[in-house]
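S.K.: The numbering of the sequence shown is our numbering, which starts it at 82 and goes up by one. Heads up, the beta-carbon is just placed ideally off N, CA and C, and yes, glycines get one too. It should be emphasised that the depicted structure is a prediction, and the values quoted were computed from it without experimental measurement.
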Amino acid sequence: MVLSEQAFKKIDREVAKFPADQKQSAVMGALAIAQDEHGWLSPEVMKDVGDYLGMPAIAVQEVATFYAMYNTKPVGKHKITICTNLPCALSGGEKAAQHLKHKLGIDYRETTADGQFTLMEGECMGACGDSPVLLVNNKRMCSLMSNDKIDALVEELQK
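Have a look at this one:
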């Protein structure tokens, strides 16, 4: 087993949300818990999730590779996803992306040499009026990101 006892307890809470004969319905929550613990979803972690939920590892992998919020390769400590959908792109998203790429010295789908930051493109985050929008580690949405706000965010995350 790769996952900790605490992770399995959290997964049990996800499983309890569904009928007993539908444990597999908790796969997305279980993957999020596993990713929070390990930073990414290795084949071993996905197998653990599958074994626990009674589903083949390939079925777990299919879910993990379908959704953008799951990392199936190692990422930096802070994954920053920039909305590049058309409304955001036209409302400053591309400029914010260029500033962040220059500041971090990386492009999309790359990680800084120190392992601190990974930069990703994202689709609509449902906050078009707040563009440019960034999502940090799939959990923290940052809106109206000017260059100054991006600089402050990077500085905060580096601490």
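1) Determine the extent of the alpha helix (DSSP H) in which Gly131 is found, giving its start and end residues.
2) Decide if Ser212 is buried, meaning its Cβ has at least 16 other Cβ atoms within 10 Å, or exposed.
3) The beta strand (DSSP E) spanning Gly120 covers which residue range?
4) Here's the rule I'm using: 16 or more other beta-carbon atoms within 10 Å means buried, otherwise exposed. How should Lys220 be labelled?
5) Going by beta carbon distance, what residues of the same chain come within less than 8 angstroms of Val235, once the five residues before and after it are set aside?
6) Based on DSSP bridge pairs, tell me the residues matched to His159.
7) Should Tyr133 go down as buried or exposed, given a rule of 16 or more other Cβ atoms within 10 Å for buried?
M.R.: The short version:
1) Numbered from its first residue, the sequence shown carries residue 131 at position 50. Element bounds for Gly131: Pro124 to Leu134.
2) Taking the first residue of the sequence shown as position 1, residue 212 is located at position 131. It is buried - the Cβ of Ser212 has at least 16 other Cβ atoms within 10 Å.
3) In the sequence shown, residue 120 corresponds to position 39, counting from 1. No beta strand (DSSP E) holds Gly120; DSSP gives it neither H nor E.
4) Reading the sequence shown from its first residue, position 139 is the one you call residue 220. Answer is exposed; the Cβ neighbour count stays below 16.
5) Taking the sequence shown and counting its residues from 1, one reaches residue 235 at position 154. Cβ neighbours of Val235 beyond the five flanking positions: Leu181, Lys184, Leu185 and Phe198.
6) Residue numbering aside, residue 159 sits at position 78 when the sequence shown is read from its first letter. Bridge partners of His159: Phe198.
7) Start at 1 with the first residue of the sequence shown, and residue 133 comes out as number 52. Classification of Tyr133: buried, given that the 10 Å Cβ count is 16 or more.
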